[in-house]
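In terms of numbering that gives the first Met the number 0, the sequence shown opens at residue 0 and continues consecutively. Below is one structure, written out as structure tokens; comments come after it.
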Amino acid sequence: MSAFSAPKGVPDYVPPESAQFVAVRDGLLAAARRAGYRDIELPVFEDTALFARGVGESTDVVSKEMYTFADRGERSVTLRPEGTAGVVRAVIEHGLDRGALPVKLCYAGPFFRYERPQAGRYRQLQQVGVEAIGVDDPALDAEVIAVADAGFRSLGLEGFRLEITSLGDDTCRPQYRELLQEFLFALDLDEETRRRAEINPMRVLDDKRPQIKAMTADAPVMLDHLSDVAKQHFDTVLAHLDAFGVRYVINPRLVRGLDYYTKTAFEFVHDGLGAQSGIGGGGRYDGLMRQLGGADLSGIGFGLGVDRTMLALRAEGKTVGETARCEVFGVPLSEQAKLRLAVLAAQLRAAGVRVDLAYGQRGLKGAMRAADRSGARLTLIAGDRDIEAGTVAVKDLFTGEQVDVAITTVVAEVISRLGVTGS
Ligand code: HAM
């Protein structure tokens, strides 16, 4: 047993699984970049107040799950639990909203939530996200959702569904909130649930306990009380999704775990994952930018869980990103040959070929085993006699064929056999 292990609830991704991680992250990011989102790289820790104000004090994320500490200058900082608040902070700080709108940004990286670890729920989680800020256009909501859908599908993922609702706007939400509270306060709720009903009544609708579910089965839902503006917005989002052929399920009881959402809210759910079935989610946030000291501009975005997407792919029996470690493997049989093959390896790498060598004193058999394991198609084998004769044996591991090639032409020979253009 090693003396140390990774922190509780934090996954390591080691080879070969790490290739899958990179492929999922890059695949989801590529879908965003294809729709004109530009990369933004932000700090993993921020002023604690940013999240308290941005994400909402009443959320579990802020009240129970933040990694908050005082730095050496006694400033309270927090490891980012999500990406939207930081992006909006940066847009305001750098005046990005003074340029063309919407500002379309994408990001990938680790986020931190002190949750109770379980399958698919980690304390360091990885997300790919986008934010489109500055335009309140339902067509943009539909684009954001379609980008997420396309990202998942580009990885070969199929067994997921999109759940969507509208959480209303400034004009209809306060009235609905009162209506819901009236309904909830008439129920025989336990102390904690009653408190939740006071602070954020919509969250009670998300309670998974059967008795609460039964009691709230007839609770009023926001969708039935939308303002004309919010309703029109929602209908247009759905019409766009219909036109794209992006399938969805309207879930009027969908509740997101973060406070900033207004109008469109959505979640991608995969049934192969057990309790932690959300592989991505997002929505529109009308008031966040102003709340954080910026202009009164709306935004919409998503966060897709890279870890859970990997689990979902596994549940579907699919792998992505599995490529052979290298294309060419050098097997030197003497010190002199090792130097010569190392030089050839450097030349081939410069030409874009992936090359590795056998190191240490393994002998021919051990080195050939390593060549096999590397996934290489070609091996370059040389001993003192070959080097003195000015040749290297090139063996094709797929066909078993082996020929001696002059050292001066090995690079060209390998490139032509692999069909590499050398760019
Ligand atoms: P979120 O729903 O809190 O949204 O997280 C997005 C996704 O991150 C989830 O659907 C899930 O796949 C993954 N995730 C969250 N927590 C964990 C965890 N503990 N372990 C593993 N995966 C997890 C947001 O974070 C918003 N910032 C999304 C957004 C962007 N809304 C608007 N713009």
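For glycine and all other residues, C-beta sits at the position ideal for the given N, C-alpha and C.
- At least one heavy atom of the ligand HAM is found less than 6 angstroms from the C-beta of Glu-114.
- With distances taken between CA atoms, Asp-355 lies nearest to Phe-328 out of Gly-418, Met-221, Phe-328 and Thr-164.
- Between the region 237-253 and the region 113-131 there are fewer than three inter-stretch CB-CB distances shorter than 8 angstroms, so the stretches are not counted as touching.
- As computed with DSSP, Lys-103 is found in a beta bridge with Ala-131.
- Buried is the label assigned to Ala-370, since at least 16 other Cβ atoms lie within 10 Å of its Cβ.
- With the rule of 3 Cβ pairs closer than 8 angstroms, the region 107-117 does not count as touching the region 211-231.
- Annotated as proximal: Ala-69 and Ser-75, with beta-carbon spacing under 7 angstroms.
- Along the region 193-273, the alpha helix (DSSP H) occurs as fully enclosed runs of 4 or more residues at 200-203, 209-214 and 227-243, listed in sequence order.
- Separation of Asp-11 and Ala-185 (C-alpha to C-alpha, rounded to the nearest whole angstrom) is 48 angstroms.
- Across the structure, Ala-311 and Gly-362 are spaced so that their CA atoms are roughly 43 angstroms apart.
- Placement of the Cβ of Leu-124 at a distance of less than 6 angstroms from at least one heavy atom of the ligand HAM is found.
- According to DSSP, residue pairing for Tyr-66 in a beta bridge involves Leu-78.
- Proximity of the region 56-67 to the region 102-114 meets the contact definition, three or more beta-carbon pairs being nearer than 8 angstroms.
- Per DSSP, the continuous alpha helix (DSSP H) segment holding Ile-414 begins and ends at 409-417.
- Short of 8 angstroms from the beta carbon of Gly-158, and not among the five residues preceding or following it, lie these beta carbons of its own chain, in chain order: His-269, Asp-270, Gly-271, Ala-311, Ala-314 and Glu-315.
- Looking from the CA of Glu-177, the closest CA among His-224, Gln-210, Ile-163 and Leu-95 belongs to His-224.
- Per DSSP, Phe-20 is not a residue of any beta strand (DSSP E); the alpha helix (DSSP H) it occupies stretches across 16-33.
- Assignment of Pro-10 by DSSP, reduced to helix, strand and coil, places it in the coil class.
- The three-state reading of DSSP puts Gly-282 in strand, counting E and B together.
- In the three-state reduction of the DSSP assignment, Ser-165 falls in the strand class, which pools E and B.
- When rounded, the separation of the alpha-carbon atoms in Gln-401 and Thr-308 is 43 angstroms.
- By the CB criterion at 7 angstroms, Leu-156 and Gly-133 fall outside the cutoff.
- Secondary-structure assignment with DSSP links Asp-403 through a beta bridge to Ala-392.
- Per DSSP, reduced to three states, the secondary structure at Phe-397 is coil, with no helix or strand assignment.
- The beta carbon of Asp-285 is closer than 6 angstroms to those of Thr-261 and Ser-297 in its chain, skipping five residues each way along the sequence.
- In the three-state reduction of the DSSP assignment, Val-327 falls in the strand class.
- In this structure, the CA atom of Arg-202 is about 10 angstroms from the CA atom of Ser-57.
- Arg-195 and Arg-172 have their C-alpha atoms spaced approximately 17 angstroms apart.
- Per DSSP, Thr-47 is one residue of the alpha helix (DSSP H) stretching across 47-54.
- For Leu-377, the enclosing beta strand (DSSP E) stretches over residues 377-381.
- Across the set Val-87, Ile-249, Leu-222 and Arg-32, the C-alpha of Ile-249 shows the shortest separation from the C-alpha of Leu-161.
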